[in-house]
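First comes the structure, then the notes that go with it.
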Amino acid sequence: MKKIVVIVFGVLCIGCTQATNAQSQKVKTEVSDVASVMEFLASDDLKGRDTGSEGLKKAATFIESEFKKYDVKPYFDSYLDTFDVEGVETYNVVGFLKGTDPKLANEYIIIGAHYDHIGTAKTVAGDTIANGANDNAAGSTAVISLARYFAKMKNNKRSVLFVLFGAEEKGLLGSKHLSKVLKEKNIDLYTMVNFEMIGVPLNDKSYKAYITGYEMSNMAAKMNEYSGAELIGFLPKAKEFQLFKRSDNYPFHEEFNVPCQTISTFDFTNYEYYHHVDDEVSEMNYEFMAELINDCIPVITTMLNTPTKEIQLN
Ligand SMILES: [Zn+2]
């Protein structure tokens with residue numbers, strides 16, 4: 259009897275693993291998923307997603323509806339974390355998945371990207387709309403896709419916040435606001451991974467993306483270990499231009515003094531349309547984006563589930 263139970267249990271376990279793998283395949287990001295989010299956020303209709311604009315509001319409403327659709331919960335009373343920029347109301351959009359482990363659920367990982375942009379830029383051939391496809395509909399797409407994945411998989415022992423930041427282009431104002439709010443709540447922030455400008459691949463690099471603040475922590479090494487590939491590298495220009503301080507990871511690092519870093523594939527040579535009206539979806543490589551987003555899945559899964567906080571400042 260005992261032996262039979264063992265055999266049956268073994269068979270069931272194999273079944274479980276297969277089901278989990280199949281499920282994981284199904285919820286991975288497809289090129290069509292990337293296209294649908296990108297084409298909404300970077301459309302002319304949103305007019306460059308400037309802070310305080312109708313277009314930004316439409317973007318926030320779209321992100322809320324994506325979160326609702328995938329059963330990603332609001333972290334606050336609503337998905338919108340409202341703050342003020344010189345008398346104008348704007349917001350971060352914050353989704354939440356509570357950790358499945360009673361103890362590790364008290365530790366948080368933030369996966370973030372800014373969804374705002376600059377509205378307009380210098381007119382070229384009658385076009386004034388700065389669509390911000392690479393900057394940063396692309397990073398926003400990664401966060402929305404990962405939120406969908408983890409909401410379906412429910413395999414996060416730690417809690418995770420999926421944050422689309424407002425007013426980054428005004429001086430990291432959304433992340434400054436939220437980092438203070440979370441610090442006041444005294445959450446136990448383990449680490450933060452931010453996505454910026456991942457719409458175009460790097461040229462002639464052995465790694466797929468770089469991380470800002472590379473030398474500040476073991477995050478890149480751990481990400482490569484977790485992914486089993488050379489996913490993340492060091493870009494000297496990122497250090498030279500202090501990109502670590504130029505995106506929404508930085509306020510979290512300042513408030514919490516834990517590893518908070520940005521993944522990007524913009525290297526100053528592979529994309530001419532930074533803050534330019536031609537930063538449009540037609541310039542994006544959706545295949546590459548889907549691949550990079552999916553490559554991040556085992557990395558973030560491991561981050562959410564290791565018994566101890568393996569990623570640390572140097
Ligand atoms: Zn940006």
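Numbering (my numbering), first residue to last: 259 to 572. Backbone N, C-alpha and C define an ideal beta-carbon position, used for all residues, glycine too. Just so we're clear, the structure is a prediction, and the values are computed from it rather than from any experiment.
If you count every other CB in all the chains shown that lies within 10 Å of the CB of residue i, and 16 or more means buried, which is it?
i	result
K466	buried
N389	buried
A409	buried
M259	Legend: pLDDT at M259 = 37, less than 50; position of this residue unreliable, no value from coordinates given.
G424	buried
A379	buried
Q519	buried
Y472	buried
T309	buried
M561	buried
P509	buried
S224	Because the chain in this structure spans residues 259 to 572, residue 224 falls outside the shown range and cannot be described.
S336	exposed
K305	buried
V264	Caution applies to V264, whose pLDDT of 41 falls short of 50 and renders its modelled position unreliable; the value that the coordinates give is listed next. Label assigned to V264: exposed.
I555	buried
P360	exposed
A478	buried
P517	buried
S464	exposed
T449	buried
C271	With a pLDDT of 45 at C271, under the threshold of 50, the modelled position of that residue is not reliable, and the figure given next carries that caveat. When all chains shown are included, C271 counts as exposed.
N507	buried
T319	exposed
Y468	buried
Would the C-beta of residue i count as close to ligand 1, meaning under 8 angstroms from any of its heavy atoms?
i	result
S433	no
H534	no
G397	yes
M455	yes
N528	no
S540	no
N350	no
H372	yes
N394	yes
E427	yes
S505	yes
Which whole-angstrom value describes the C-beta separation of residue i and residue j, a residue pair presumed to lie in contact below a C-beta threshold of 8 angstroms?
i	j	result
D302	I376	The pair is not a contact, with the Cβ atoms about 15 angstroms apart (cut-off 8 angstroms).
V289	A405	So it is not a contact: roughly 18 angstroms between Cβ atoms.
A300	A395	4 angstroms
N476	N572	7 angstroms
V295	T399	4 angstroms
A363	R307	Going by Cβ atoms, the distance from A363 to R307 rounds to 33 angstroms, so no, they are not a contact pair.
E427	S505	That belief does not hold up - the Cβ atoms of E427 and S505 are roughly 11 angstroms apart, past 8 angstroms.
A371	L422	6 angstroms
K441	E365	Wrong, their Cβ atoms sit about 15 angstroms apart, outside the cutoff.
Ligand 3 heavy atoms versus the CB of residue i: any closer than 8 angstroms?
i	result
M561	Summarising the ligand content, the structure contains ligand 1 and does not contain ligand 3.
Which parts of the stretch 376-407 are runs of the beta strand (DSSP E), unbroken and 3 residues or longer, counting only runs that do not cross its ends? Listed in chain order, they are 378-382, 385-387.
Enumerated in chain order, which unbroken segments of the beta strand (DSSP E) with a length of 3 residues or greater are wholly contained in the stretch 460-501? List check, beta strand (DSSP E) in window: 467-469.
What are the complete beta strand (DSSP E) segments, minimum 3 residues, inside the stretch 298-343? Runs of the beta strand (DSSP E) inside the stretch 298-343: 338-343.
Can you give, in chain order, each stretch of the alpha helix (DSSP H) that sits fully within the stretch 421-466 and has at least 4 residues? As far as the stretch 421-466 is concerned, its whole alpha helix (DSSP H) runs of at least 4 residues are 431-442.
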